[in-house]
Amino acid sequence: MQVTSRKPRILLTRRWPEAVEARLAADYEVTRNLADTPLTQAQLADAMRTHDALCPTVTDRVTRTVLTVPDRRVRIVGNYGAGFEHIDLAAAREAGIPITNTPDVLTEATADIAMTLLLMASRRAGEGERELRAGRWTGWRPTHLVGQSLSGKLLGLVGFGRIARATAKRAEAFGMRIAYHSRRPAPDMPPEAYFADLGDLAARADMLSLHAPGGAETRHMIDAALLARMPAHAVLVNTGRGTLIDEAALADALKAGRIAAAGLDVYEAEPQVHPALMDLPNVVLLPHLGSATIEARTAMGMKVADNLDRFFAGEPLLDPVG
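So this is what it looks like as structure tokens:
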């Protein structure tokens, strides 16, 4: 790639969709992580000294140590993703480094995965596929892998932002009824659909879908006490943040049959999954596929590019964080 010294130098910590990398390469000197494996803290810190922009993903811990390295050159962090709990925002503010993210463009894709998990967990699809692939399926019979329908069930949404609303729209098409828990009631929803207390919603909902943000305030909001309030036939799915669930408590509840099933797309210590979950038949485990459509992942990268373009042109950012 032919570059000149006038082009800002940016680091992509992982491989991005081809169309995004091509767009960035036209205007910037781009360093790609060709190995596509997580960078170490030392590598991130070194990049802060040698690049004008750092473009991390949710797998990168952008700590105070990284953000405050001596001889720092990076002037902006363009995060590839809507979530930013992996970035020390306080340290970034103190250092005067603007942070951007990619909201709005992954809503539909993530809502699709929430519905996928609801369907797979309630209809025991994961169990069935594993049985078939292992050669253990002996044929159709009336009582084999009987699950439950979505139609008529009460879906409890924990958090009621864009992704939760998109999930609600899909669930209503399956004949589900909607309730939700959030900090305040939504003016466009029926008053009876709002539950100010999460435990009350958990006790009433047939299926619970998590869409809350991460952070200390919501860490382990789904714990043993909350799980104990859920009906025995309940299904729990999580496309929000892995830290929302106490995974050990969830494994205990699933093993004991205190809830029927769960479907997870995010995990507390990604890419590690709590070992107690791995062998349970009644949990569907997906490898963080929420935004994994070519449309969503490309749009995410283009949002980062739009913010970088505006920053280096001295224009207001589109998606500032903090």
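If you're matching positions, the sequence shown starts at 2 in my numbering and goes up one per residue.
Yeah, the Cβ is synthetic: ideal placement off N, Cα and C, and Gly gets one too.
Between which two residues does the alpha helix (DSSP H) holding residue i run?
{"i": "Thr222", "result": "A small correction: the amino acid at residue 222 is Met; Thr does not occupy that position in the sequence shown. No alpha helix (DSSP H) contains Met222, which DSSP labels as neither H nor E."}
{"i": "Val305", "result": "295-313"}
{"i": "Ile164", "result": "163-174"}
{"i": "Arg205", "result": "199-205"}
{"i": "Asp37", "result": "Unbroken run through Asp37: none, as it is neither H nor E."}
Where does residue i fall in DSSP's three states?
{"i": "Val4", "result": "Residue placement at Val4 cannot be trusted, given a pLDDT of 39 that sits under 50; the coordinates are not used to answer."}
{"i": "Glu109", "result": "helix"}
{"i": "Ser210", "result": "strand"}
{"i": "Glu1", "result": "Outside the displayed range of the chain (2 to 323) lies residue 1, so it cannot be described from this structure."}
{"i": "Val21", "result": "helix"}
{"i": "Ile100", "result": "strand"}
{"i": "Pro192", "result": "helix"}
{"i": "Ala233", "result": "coil"}
{"i": "Thr117", "result": "helix"}
{"i": "Arg15", "result": "coil"}
{"i": "Gln44", "result": "helix"}
{"i": "Arg184", "result": "coil"}
{"i": "Glu316", "result": "coil"}
{"i": "Ala252", "result": "helix"}
{"i": "Ala217", "result": "coil"}
{"i": "Ala1", "result": "Nothing can be reported for residue 1: it is not among the residues displayed for the chain, which extend from 2 to 323."}
{"i": "Leu290", "result": "coil"}
{"i": "Arg142", "result": "coil"}
{"i": "Arg131", "result": "helix"}
Could you please give me the residues that DSSP links to residue i through a beta bridge?
{"i": "Arg264", "result": "In the sequence as presented, Arg is not what sits at residue 264; that position holds Gly. Note: Gly264 sits in a beta bridge opposite Val238, Val285."}
{"i": "Pro276", "result": "Per DSSP, none; premise fails for Pro276."}
{"i": "Arg10", "result": "Glu30"}
{"i": "Ala126", "result": "According to DSSP, Ala126 bridges with nothing at all."}
{"i": "Arg178", "result": "Leu155"}
{"i": "Ala270", "result": "Gln273"}
{"i": "Val322", "result": "Ile100"}
{"i": "Ile246", "result": "Ile223"}
Which two residues bound the contiguous beta strand (DSSP E) that contains residue i?
{"i": "Leu158", "result": "155-159"}
Residue ranges of each beta strand (DSSP E) run of no fewer than 3 residues wholly in the segment 47-95, ordered along the chain? For the segment 47-95, whole beta strand (DSSP E) runs of length 3 or above, ordered along the chain, are 54-56, 77-79.
Is the segment 276-291 close to the segment 306-319, with three or more CB pairs under 8 Å? Two segments are said to touch when three or more pairs of C-beta atoms, one from each, lie closer than 8 Å; by this definition the segment 276-291 does not touch the segment 306-319.
Is the segment 237-245 touching the segment 208-221, taking contact as three or more C-beta pairs under 8 Å? The answer is yes - the segment 208-221 touches the segment 237-245, with three or more Cβ pairs under 8 Å.
For the pair the segment 146-156 and the segment 167-187, tell me if three or more CB-CB distances fall below 8 Å. The count of Cβ pairs closer than 8 Å, one atom from the segment 146-156 and one from the segment 167-187, reaches three, so the stretches are in contact.
Taking three-plus beta-carbon pairs below 8 Å as touching, is the segment 62-82 in contact with the segment 121-139? When Cβ pairs closer than 8 Å are counted between the two stretches, the segment 62-82 is seen not to touch the segment 121-139, the count staying below three.
The segment 121-133 contacting the segment 292-301, beta-carbon criterion three pairs below 8 Å: Counting Cβ pairs under 8 Å, fewer than three are found: no touch.
Between the segment 58-66 and the segment 84-94, are three or more C-beta pairs nearer than 8 Å? A contact exists between the segment 58-66 and the segment 84-94.
Does the segment 218-225 come within contact of the segment 245-263, defined as at least 3 CB pairs closer than 8 Å? In short, these stretches touch, since the Cβ pair count reaches three.
When you compare the segment 90-98 with the segment 60-78, are there three or more beta-carbon pairs, one atom per stretch, that lie closer than 8 Å? Using a Cβ-Cβ distance cut-off of 8 Å, the segment 90-98 and the segment 60-78 are in contact, since at least three pairs of beta carbons, one from each stretch, lie closer than that value.
Segment contact flag, the segment 271-279 with the segment 193-206, C-beta cutoff 8 Å, min 3 pairs: Judged by Cβ distances under 8 Å, the segment 271-279 makes no contact with the segment 193-206, as fewer than three pairs qualify.
Report yes or no: do three or more beta-carbon pairs, one from the segment 109-118 and one from the segment 302-311, lie closer than 8 Å? Not touching, per the Cβ criterion.
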